[in-house]
Each structure stands twice: as C-alpha cells, then as structure tokens.
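Following: one structure in structure tokens, then a few remarks.
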Amino acid sequence: MRNTTRLGLSTALALVIGASAAFADNVKIAFIDPLSGPFASTGTNGLHQYEFAAEELVNKQGGVLGGDKFEIVAFDNKISPKESLIQLQVAIDQGIRYIAQGNSSGVANALTEAIDKHNKRNPDDRVLFLNYSAVDPALTNDKCNFWHFRFDANADIKMDALTDIIAQDDGIKKVYIIGQDYSFGKAVAAAAEKFLGEKRPDIEIVGNELHPIGKVKDFTPYARKIVSSGADAMITGNWGADMVGLGKSVLENGYTGPIYTYYAAADGITAAFGAAGDGSLRLVSEGQQNPPASERAENYVKAFKAKYPDGNVSQSRITNVIEMLAKAINEAGTATDVVKVGMALEGMEHDSLWGGKIFMRPQDHQAIQDVHIFAHTKVEYDYDNSGYGMLTESTVEMAAMDSPTTCEMKRP
Amino acid sequence: MDLVLVNLIDGLVTGLLLFMLSAGLTLIFSMMGVLNFAHASFYMLGAYFAYQISLFLGFWVGLLVAPIIVGIAGAGVERYGLRRVHQYGHVPELIFTFGLALLIEEVVQFIWGKSQMAYEIPEVLEFTAFAIAGNSIPAYKIFMIFMSVAIFIVLLYVLTRTRVGMIIQAALSYPKTVEALGHNVPLVFMGVFGVGTALAGVAGVIAGPVLGTFPGMAVVLGSIVFVTIVIGGLGSLWGALVASLLIGWITTFAKSYNIEMANILTGIGISPPENMDESMFRDLWTVTSPQIADILPYILMVLILVFRPYGLFGKRDA
Chain A
204 MRNTTRLGLS
214 TALALVIGAS
224 AAFADNVKIA
234 FIDPLSGPFA
244 STGTNGLHQY
254 EFAAEELVNK
264 QGGVLGGDKF
274 EIVAFDNKIS
284 PKESLIQLQV
294 AIDQGIRYIA
304 QGNSSGVANA
314 LTEAIDKHNK
324 RNPDDRVLFL
334 NYSAVDPALT
344 NDKCNFWHFR
354 FDANADIKMD
364 ALTDIIAQDD
374 GIKKVYIIGQ
384 DYSFGKAVAA
394 AAEKFLGEKR
404 PDIEIVGNEL
414 HPIGKVKDFT
424 PYARKIVSSG
434 ADAMITGNWG
444 ADMVGLGKSV
454 LENGYTGPIY
464 TYYAAADGIT
474 AAFGAAGDGS
484 LRLVSEGQQN
494 PPASERAENY
504 VKAFKAKYPD
514 GNVSQSRITN
524 VIEMLAKAIN
534 EAGTATDVVK
544 VGMALEGMEH
554 DSLWGGKIFM
564 RPQDHQAIQD
574 VHIFAHTKVE
584 YDYDNSGYGM
594 LTESTVEMAA
604 MDSPTTCEMK
614 RP
Chain B
11 MDLVLVNLID
21 GLVTGLLLFM
31 LSAGLTLIFS
41 MMGVLNFAHA
51 SFYMLGAYFA
61 YQISLFLGFW
71 VGLLVAPIIV
81 GIAGAGVERY
91 GLRRVHQYGH
101 VPELIFTFGL
111 ALLIEEVVQF
121 IWGKSQMAYE
131 IPEVLEFTAF
141 AIAGNSIPAY
151 KIFMIFMSVA
161 IFIVLLYVLT
171 RTRVGMIIQA
181 ALSYPKTVEA
191 LGHNVPLVFM
201 GVFGVGTALA
211 GVAGVIAGPV
221 LGTFPGMAVV
231 LGSIVFVTIV
241 IGGLGSLWGA
251 LVASLLIGWI
261 TTFAKSYNIE
271 MANILTGIGI
281 SPPENMDESM
291 FRDLWTVTSP
301 QIADILPYIL
311 MVLILVFRPY
321 GLFGKRDA
C-alpha cells in the first residue's frame, strides 16, 4: 500500500515536472543584430519582423511539438564582430539553441566560425546559426559548416539572376558598374563583370568604379560620368545614404535607363526616391509583396502594418526562417537536439508565404528560391508609407539551383 | 569640352553651397574668436525644419521660416550658452560647441529617426533648365546658384555699406571702444551669431533635397567647412567665397576625370615597378583622382598652412 502510494506520488510528480517542462519550455531564438548605433533602424525593424513572425506563424498556430512557443530574445551587437561573439556566448549560457543574425557578412563570418568551434567542443549544448541576410558567398562555399543555414540568396545568386534579366534585354549595350569601396562593393563588381562576360560578351562595361563609403557629399560628378559614358543600364550594390545620393543624382542629371540595385528599398529609401525613381529603379531580391502571392500574405502584411505603422515587411525571408525552423523542430521531434533539427532543415522544401518554393540545398545550406527583379513604382503594399513599393517585374524561378559550390559539408 | 562646362556649373553649385556654410562660420569666428563646431549641425537643423514645414505648408514657406527658426535657435545658444561659457576662455567654448553638435545629432535622431527623410524639390523647379551634350542641368541647381549669389551680395552690402555693418565691423576689431560709444556689443554678437547660423540654415534648406536629409548630413560636411575657412583665411568673407569655389571645382573635376597616378608618374619620368603586386608603392601607382578627390581640399589646406598660415585672404595670423 505504502509502496503504491509512493509510486503513485512519484509518478504524479514526474508527470507534473514532465508536463511543466513540456509546456513552459519556450523555444528561444537569439536575435543578434545592431539595435543601437547607425544601423539601429535596420536591426530594430528586423527584430519586429522576427517577433511578429514568431507570434503569427507559430505561437498563434499552436506552437511547435504540441504547444512549445517561439520566443525571440534580442541581443545588441552594435554591428561589431567582437561584440557579437560576446553576445553569442551570453545567448549560449542562457541555454539558447538558435542564433539568428543577418546584418553584415563580417559579423556572420565571425559567428559561423565561433559556432563551429563551440559545437565541436560542447556536443551537449550545440547551437544552429540561422543567417537571414548576410550574403557573402563564402559563407556557403569555403567557410561553410553544418550549423550555418542561409535563407537569403547570396550575392552571386542575385547577380546571376540580375544578369539573366539584363541579358534578355537587347536594348542594353553599355553597362556602368559603381559601388562602395569595400568588400561587398568589390564582390558585386566582380560578379557583374564575370556574369555579363559569360552571358552577353557583346555588352561593353563602360565604367567600373568604387567610391568612398559613406563619405561622398555630392554624387553629381559621378552622375555626369555615368551619363556621358552613354550607359544603357547601371548596376550598384550601394545601400543607405549612398544609395539615395547616387540614385537621385543620376536621375536628376539626365540618366533615364534602369538602375539595378541590391538594397534600394525600405528604411526611408523608398520614400526618399518617391516619384523620381519610378520607371528607373530596379531591385533584385526574394519574396514578392506586389502583387501579393496569396490572401494569407496580404493579411500578414496588413496585420504587421497595423502593429507597426512605421515598419516595413522588408525582409520577407524572416517568415521562411521561422516557418522552416518550426517545421524542422516538429519533424525532428525535439527542439534541443539541434543535430536532428539541422538534418531536418537540410534538403527541406517549403512553400513560402510569399509564393514559390524554398529548397534548403543540402550540399551547402544555401536556400534556393525564386529571385525577383522588382520595379520601384506605385503599389498597394508600399514601403515607408510612401505609396511606392516593389512590384514584381520578372522572376527567375529557383535561381542558381545547379550552381557549383566549393563547400565540403562535414556532418556530425 | 562640353563636359568642362557642365563640371564648371556643378563645381559652382557645390562651391556656393559650401560658401553659405563657411560665410556664417567665418563671421562667427572673426567675432568671437571661437570655432563653432556645431555650425554644420545648424545646417542639418535647417534641412529638417524645412522638411517638417514643407509637409504642411510647402517648400517656399519652409525656405522662409526654417532659417528664421534656426537663427533664433542660434541666437539663443549664444545668449544662454556661449556667453556664459565665454568667461572661462576659448577651450570651454570649443568643447561647448562640440558637445552641442553631438547633442543636436542625437536630438534629430530621436525626433525624426535614423532613416533618410523624403524631402523633395518643389514641383515648380522640377524640370531641366537646359542640357549640354546629354547632361541635363536641373532648374533647381540654377535656383541654388541664384540664391547663394543673392545672399552673398546682400551680406556684402550690409557689412560694407550700411550703418549696421559698420558697427559690426567696428565691434569685431575694437569691442571696448564701440561699447564705450554707447552700442550694445553683446547684442551685436548675438545678432551675428544668429545670422551666421541662419545662413547655415538656408544652406540646409536648399541642400536638403539634393544632398539628402539624414542624421549624418552634418558630419559629412562638418570638417570640409573648417577646411574652407582655413584656406580662405579666418574671418574673411571674400576668402570664404574664393576657397569655397576652389574646393568645389577641385573636387568636381577630380571626380569627373579618371586621372591615374600611373600616368602622372610616368609623365614625369618615373618608370612603373616591374612587379606591381609586390611593389611597396602599389597603392600609389594604382590610385585614381576620384578616389582621392575628397582629400584634395585637406592637402590644399596643409599647403596653405605651410606657405601662408593666415590663409588666402586672412588679415591676421591664425
């Protein structure tokens, strides 16, 4: 009798503990990105998109593993690789298994290396790295590892898609390439030269130039050179104030061709261009919003704007990160064994909220997806409440599906 | 040849814009003997105020009202800030204006955020005035030229031909004597500081739509304004004008033409190193003029300081 009671009690206790563990265990995702300093607006907007995606797409749908909720824990890395590594350690010490980061490939390179080392040395508390924006091709080539997953199309894939579109346009005979004088600007220029040379050797590159990053007051002299070079199209990887300055200057000074860009949208840029950019500005990216892919996507954007009237759903891939992670955790049946979750993510095919499929390529953990060329024009779902936004002009389906990779994936 | 004309016009626009900033700064310097580090911040304030006003009342009201608000703010800073710090000497004054610059930038970010503002050229001026060989000159640039030239003429007239100007000039050189003659010298100082900052405000209003209205706009222009007044000669209006135009043209032409260092070096008879990748002078050989365009004014400043320390038009030793 006594024994039975004891057994019963301990069983009950075990059940209670087990149950509370099952219900109270949030799946925490560390968001390590700049939340102060010059890039704070980008970081904060990204954080809002993560929180919103976790709430709408996972928690309101009943969570993962039958009830566990996603929780986003924010860490400010001030866009410094050194600070990021400290925050990574803090996150790991808090028992967080999923690290999300995107702004700056410099930070991503530091994180992926640190996470690889950490996972080797501490097989009991390994973590996964969900890279949602850092586009340095090396991350899924020479520097790839099992723990790193990239959800954005990398710089080469984007340039590949962009040059596909340029190659189809017989009107383009002369191209001008201009960018900021640092690793990313140089990578864009090199990729543009390479792909254009392969696809349209007849296109003449009439200018290939770098300008100091963040220091140019007036882009007029650059604009004059571009106009007088007779370029039919220009390509730039510029972002932030350099993008607005360059774009507005060439348009004011008589350039009428297309301006192909990577980052000329949201965070005030769309509003700054307004009517001036209509008809010229193009952007290569994933995740279309106009026309909306589905009613679900439409409602998602509306709900986001209702909660954050000044925000933009500018990094649509964040919903893919959240949905695919939730799916992988459910498939693996665990949120703590990240090897199983990683295995489930590998090769996963996912129907994106924004239309099209996402395929997480197993050999290098690069998400293969539709890459679109957007035109800056008047749209229903705008950026910066400006009436202007990104309208899908052309699409490269599953861009760079068969592209080579130098990655030699070592699985645990 | 056509491009030369276009570049002359572009350089003129850049130079005149720089002049509006440096004119105020150089006036304030000759008056108080202190460099106002926050000067470019008033330029930024001008752009932001005008943007805010233009949302409700249009560009032209902004052009009229924003500089006045900036001027009043500047006068307030002199009256309640600088004048109190003045008794402790120049270094505290310098630190005060430096802190003010940081403060203004943070306040601007706090109110308007870190993104670029959609401050636009007025629709009336949104057309191409004329085109030279495919390079269009926007009407707005012509407007900028006229604005700055008009301001220069008015300023010159007031300072040299009117009674107010005489008192200001006298107060600059002999404040004690002017005070003894019954003039309110502190008021003159406050007025000059207000007008100087208002000029920076005007520059902000008309430059905001073309150069962008964002929290970094003051930092980008801040140092070059000091370079301008050092080259021109501290306290000299003509010097500020000449130095501004000089800088405007130098940077514009350096950026427009890809002059390669390699050509210059071979031109003066130095042969390129055999193996460029291993040469220690590789950077020197591969540099092009657009890359160094923005540091040319600083090089010019160093040369001026070496050979003519009081600047092109300066009267006294800085």
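Chains A and B are the protein sequences, given in the same order.
So the first sequence is numbered by this note's numbering: it starts at 204 and just counts up by one.
So the second sequence is numbered by this note's numbering: it starts at 11 and just counts up by one.
Using N, Cα and C, we set each Cβ at its ideal position, and we do this for glycine too.
Asked: For chain B, check one thing: does any of its Cβ atoms lie closer than 8 Å to the Cβ of A/T423?; Found: yes
Asked: By DSSP, does A/G382 sit in helix, in strand, or in coil?; Found: strand
Asked: Could you check if B/W70 is buried or exposed, using at least 16 other CB atoms within 10 Å of its CB as the buried criterion?; Found: exposed
Asked: Output the boundary residues of the beta strand (DSSP E) element that contains A/N334.; Found: L331 to N334
Asked: Closer than 7 Å, Cβ to any Cβ of chain B: which residues of the stretch 495-528 of chain A, in chain order?; Found: none
Asked: Along the chain, where does the beta strand (DSSP E) containing A/M446 start, and where does it finish?; Found: Per DSSP, A/M446 belongs to no beta strand (DSSP E); it is in the alpha helix (DSSP H), G443 to E455.
Asked: Taking the Cβ atom as the reference point for each residue, do B/L231 and B/F39 lie within a distance shorter than 8 Å?; Found: no
Asked: Evaluate the contact criterion for the stretch 275-282 of chain B versus the stretch 383-395 of chain A: three or more CB pairs, one atom per stretch, below 8 Å.; Found: no
Asked: Tell me the rounded alpha-carbon separation between A/E549 and A/N533.; Found: 14 Å
Asked: With DSSP collapsed to three states, give me the class of A/D470.; Found: coil
Asked: In chain order, what residues of the same chain have a beta carbon less than 8 Å from the beta carbon of B/L92, not counting five sequence neighbours either side?; Found: M42, V44, E103, F106, T107 and F203
Asked: Are any of the Cβ atoms in chain A nearer than 8 Å to that of B/P307?; Found: no
Asked: Please classify A/A225 as buried or exposed, where buried requires at least 16 other C-beta atoms within 10 Å of its C-beta.; Found: Low local confidence applies: a pLDDT of 44 at A/A225 is under 50, so the model's placement there is unreliable, and no value is given.
Asked: What does A/S589 reach in chain B if we use C-beta pairs closer than 7 Å?; Found: A128
Asked: Less than 8 Å between the C-beta atoms of A/V524 and A/F354, yes or no?; Found: yes
Asked: Could you compute how far the alpha carbon of B/E288 sits from the alpha carbon of B/V297?; Found: 16 Å
Asked: In terms of residue numbering, what span does the beta strand (DSSP E) encompassing A/D236 cover?; Found: V230 to D236
Asked: I need the DSSP call for A/F226, collapsed to helix, strand or coil.; Found: With a pLDDT of 47 at A/F226, under the threshold of 50, the modelled position of that residue is not reliable, and the figure given next carries that caveat. DSSP places A/F226 in helix when its eight states are reduced to three.
Asked: Which stretch, first to last residue, makes up the alpha helix (DSSP H) that contains B/F140?; Found: Careful: B/F140 lies outside any alpha helix (DSSP H), inside the beta strand (DSSP E) at T138 to I142.
Asked: Straight-line CA distance for A/N248 to A/N515?; Found: 7 Å
Asked: Suppose contacts are defined by Cβ-Cβ distances below 8 Å. Is A/E274 in contact with A/V330 by that definition?; Found: no
Asked: Throw me the rounded Cβ distance for the B/A303 and B/A253 pair, which I believe falls under 8 Å.; Found: Going by Cβ atoms, the distance from B/A303 to B/A253 rounds to 16 Å, so no, they are not a contact pair.
Asked: Below 8 Å between beta carbons: does that hold for B/Y53 and B/A210?; Found: yes
Asked: Hey, quick one: how far does the beta strand (DSSP E) through A/Y591 stretch, first residue to last?; Found: Y591 to V599
Asked: To be precise: take each residue of the stretch 129-160 of chain B, compare its Cβ to all Cβ atoms of chain A, and keep it if any distance is under 9 Å. Which residues remain?; Found: Y129, E130, I131, E136, T138, A141, A143, G144, N145, S146, I147, P148, Y150 and K151
Asked: Between the beta-carbon of A/E578 and the beta-carbon of A/A356, is there less than 8 Å?; Found: The residue asked about is misnamed: residue 578 of chain A is Ala in this sequence, not Glu. No, Cβ-Cβ distance for A/A578 and A/A356 is not below 8 Å.
Asked: Between which two residues does the beta strand (DSSP E) carrying A/K418 extend?; Found: Neither: A/K418 is in no beta strand (DSSP E) and is coded neither H nor E.
Asked: Please compile the residues from chain B whose C-beta is within a distance smaller than 8 Å of the C-beta of A/V453.; Found: Ordered by position in chain B, no residue passes the 8 Å Cβ test against A/V453, which lies about 11 Å from the chain.
Asked: Apart from the five residues just before and just after A/H553, which ones in its own chain have a Cβ nearer than 6 Å to its Cβ?; Found: M527 and I561
Asked: For B/A218 and B/I309, I'd like the C-alpha separation in whole angstroms.; Found: At residue 218 of chain B the sequence reads Gly, which differs from the Ala that was named. In a straight line, the C-alpha of B/G218 is about 28 Å away from that of B/I309.
Asked: Mark B/S183 as exposed unless 16 or more other C-beta atoms lie within 10 angstroms of its C-beta, in which case mark it buried.; Found: exposed
Asked: Hey, out of A/G477, A/A469 and A/F422, whose CA is closest to A/V453's CA?; Found: A/F422
Asked: Kindly identify the DSSP beta-bridge partner or partners of A/R485.; Found: A/Y463 and A/A578
Asked: With burial defined as no fewer than 16 other Cβ atoms inside 10 Å of the residue's Cβ, what is the status of A/D279: buried or exposed?; Found: buried
Asked: Do you know how far the Cα of A/G270 is from the Cα of A/G410?; Found: 57 Å
Asked: Start and end of the alpha helix (DSSP H) containing B/Q119?; Found: H100 to W122
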